[in-house]
Amino acid sequence: ILGLDTLGGYRILHTESSFERSFLEVNKCFCTCTKCNPFPYRCREKKYDYYSLPKTSVVIAFYNEAWSTLLRTVHSVLETSPDILLEEIILVDDYSDKEHLKESLENYVAGLRKVRLIRANKREGLVRARLLGASVAKGDILTFLDCHCECHEGWLEPLLARIAEEESAVVCPVIDVIDWNTFEYLGNAGEPQIGGFDWRLVFTWHSTPEREQKRRKSKTDVIRSPTMAGGLFSVSKKYFDYLGSYDTGMEVWGGENLEFSFRIWQCGGSLEIHPCSHVGHVFPKQAPYSRSKALANSVRAAEVWMDDYKEIYYHRNPHARLEPYGDVTERRLLREKLKCKDFKWFLENVYPELHVPEDRPGFFGMLKSRGMANFCFDYNPTNEHQVTGHRIILYPCHGMGQNQFFEYTSHNEIRYNTRQPEVCAAVDSGTDYLTMYLCEENVHSIPENQKFVFREDGTLFHLQTQKCIQAESNAYNGNPAPLLRPCTNSDYQKWFFKERS
Ligand SMILES: [Mn+2]
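Yeah, the sequence shown ends on 560 if you go by my numbering, and it's all consecutive.
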């Protein structure tokens, strides 16, 4: 049966009842068009040749997921995917112990077309559970979804069409937010964001840079993204195998998204977000499993793909050096076999927006006071999304990098660059505090109030005010803090960097 879909194109529907359902959907959408289609209007004008598009297997791994969120994911795939494009849905139970995921789920799934349930015999973790699903998949395309999603009408066609056009493209949908409390589908108005990372190897979101906007010819063209957020993407099965699928040495969760992103780009593929494909996702406040393996996974990614740039990561996470990360010999051989490009190429060509710290020996790490023994510069903005505008304090040195990591640059800045965006110590006029503001990337226009001279005698001299940074107790909200004072010869005005404790 042919029907008119909510994107204004023809589509092939599976059964009469689903035709009715879609018809209702269409009516609903006429009333609330912007809510149904928060993405570019032109997406609705796109026509697809359904008979020539490849079929996909949708792989959904889960561990102790709630019944409603899991089934919402499954039903949304069934209802929004044109039958002709959907080979099957493979549910992979990663050894859950919740009662509702046992017989009840089996019975429920038995009544659904195209849905298969397979189970791991022990806890495998996300990566190996997904591979287990992929190993039995029959479709030409693998589509991985998290188990707490809702696919939006028209989500599948753009992903498959793009891969049909370019086999080495790995394509992600735009991830819309499903409210954690109400489970309401909140759209994602405006331009989709792309993925990056900071030097802690934490995933970050960014707006699309100018250069990429220029490269795209239309609002409905894919957006190239340096990294992917996590589990939602489509890939040609053949290409996924060629690329070495997933790193099976990765446990449970975390870091695998960056590893896969680096590998895609460095080994000749491309990672893209399709603005016409939308999938809602619940960002859970708390995962039903431990995320303690994420560190080892990140270290594996760094060891295999980042060459010497891995040092920049280790400087900011000294404890990562001690993390046992298993054997990566095979992954390095894979990199050689596929003749993958180096990390320098990746940074210069795929992610030029990321500032690469200088990390000159002796000028990064903990910034310790000589006078106030074992107290360090500390910057810990309470809000992850508001990195600027807060003051630097002094806190007992913990040697863990992170919020006590600073770098003194050859351009006279004191940079806090474990996160993105990077911030620099500055002095607001009329105050003696060090407040953090965005760093200036053009070295010729660094604001005067951000310039310090780190002198031979260990003093940090602020050029604009001609004062020195001094450690003082009870300086700010009961905490010790570095303050600007007239220069003296006191040890409280002497500072030194230490990489590790
Ligand atoms: Mn998720």
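C-beta atoms are modelled at their ideal positions from N, C-alpha and C, and glycine is treated no differently.
The model shown is predicted, which means the values in this text are computed figures rather than measured ones.
- Going by beta carbons, Cys231 and Leu291 fall inside the 8 Å limit.
- Between Phe520 and Cys546, the CB-CB gap stays under 8 Å.
- At least one heavy atom of ligand 1 lies less than 7 Å from the C-beta of Gly289.
- Checking the 7 Å criterion, the Cβ of His337 is out of range of every heavy atom belonging to ligand 1.
- Annotation for Arg375: Trp258, Arg259, Gly460, Phe464, Thr477 place their beta carbon closer than 6 Å to its own, counting only its chain and skipping 5 residues before and after.
- With respect to the C-alpha of Glu269, the residue from Phe262, Val261, Thr263, Gln252 having the closest C-alpha is Gln252.
- Positions of the beta strand (DSSP E) runs, each at least 3 residues long and wholly inside the segment 281 to 324, are given as 292 to 295 in order along the chain.
- Excluding its 5 nearest sequence neighbours in each direction, Lys557 has C-beta neighbours in its own chain below 7 Å: Gly424, Met425, Lys427, listed in chain order.
- If you check the C-beta of Asp153 against ligand 1, you find no heavy atom less than 7 Å away.
- Leaving aside the five residues that flank Ser277 on each side, the residues in its chain whose CB is nearer than 8 Å to its CB run, in chain order, Arg101.
- Looking from the CA of Pro541, the closest CA among Pro377, Asp152, Leu493, Trp364 belongs to Leu493.
- Take the alpha-carbon of Pro383 and the one of Ala355: they are about 7 Å apart.
- Separation of Ala379 and Ala353 (C-alpha to C-alpha, rounded to the nearest whole angstrom) is 11 Å.
- Taking the C-beta atoms as reference points, Leu145 is found nearer than 8 Å to Lys114.
- Annotated three-state conformation of Gly192 is helix, per DSSP.
- Considered as a whole, the segment 422 to 503 harbours 423 to 428, 434 to 437, 452 to 455, 465 to 467, 473 to 475, 482 to 485, 494 to 497 as its complete beta strand (DSSP E) runs of no fewer than 3 residues, in chain order.
- Using a Cβ distance threshold of 8 Å, Asn247 and Val233 count as a contacting pair.
- Gly328 sits buried, since 16 or more C-beta atoms from the chains shown fall within 10 Å of its C-beta.
- Within 10 angstroms of the beta-carbon of Phe342 lie fewer than 16 other beta-carbons, which makes it exposed.
- Per DSSP, the continuous alpha helix (DSSP H) segment holding Asn408 begins and ends at 402 to 408.
- Closest in alpha carbon position to Gln523, among Gln552, Phe555, Gly489, is Gly489.
- Within the chosen limit of 7 Å, ligand 1 does not reach the beta carbon of Asp235 with any heavy atom.
- Counted as a single uninterrupted DSSP element, the beta strand (DSSP E) harbouring Arg175 occupies residues 174 to 178.
- Between ligand 1 and Asp205, a heavy atom-to-CB distance of less than 7 Å is present.
- Counting other Cβ atoms within 10 Å of its Cβ, Glu331 reaches 16 or more and is therefore classed as buried.
- Distance from Gln509 to Gln529 at the Cβ level is roughly 18 Å; contact not present, criterion being Cβ atoms closer than 8 Å.
- Under the three-state reduction of DSSP, Trp214 is assigned to coil, being neither helix nor strand.
- Around the beta carbon of Gln325, 16 or more other beta carbons sit within 10 angstroms, so the residue counts as buried.
- Here the alpha carbons of Leu201 and Leu317 stand approximately 19 Å from one another.
- The alpha carbon of Leu137 has as its nearest neighbour, out of Ala125, Gly213, Phe422, Glu370, the alpha carbon of Gly213.
- Judged by DSSP in its simplified three-state form, Cys326 adopts coil rather than helix or strand.
- Listed as beta-bridge partners of Glu209 by DSSP are Gly339.
- Excluding residues up to 5 positions away in sequence, Glu250, Gln252 lie with their Cβ nearer than 7 Å to the Cβ of Ser266 in the same chain.
- Taking one beta carbon from each stretch, the segment 442 to 457 and the segment 361 to 373 have fewer than 3 pairs nearer than 8 Å; the two do not touch.
- Taken through DSSP and simplified to helix, strand or coil, Asp152 comes out as strand.
- In the DSSP assignment, Thr263 forms a beta bridge with Gly255.
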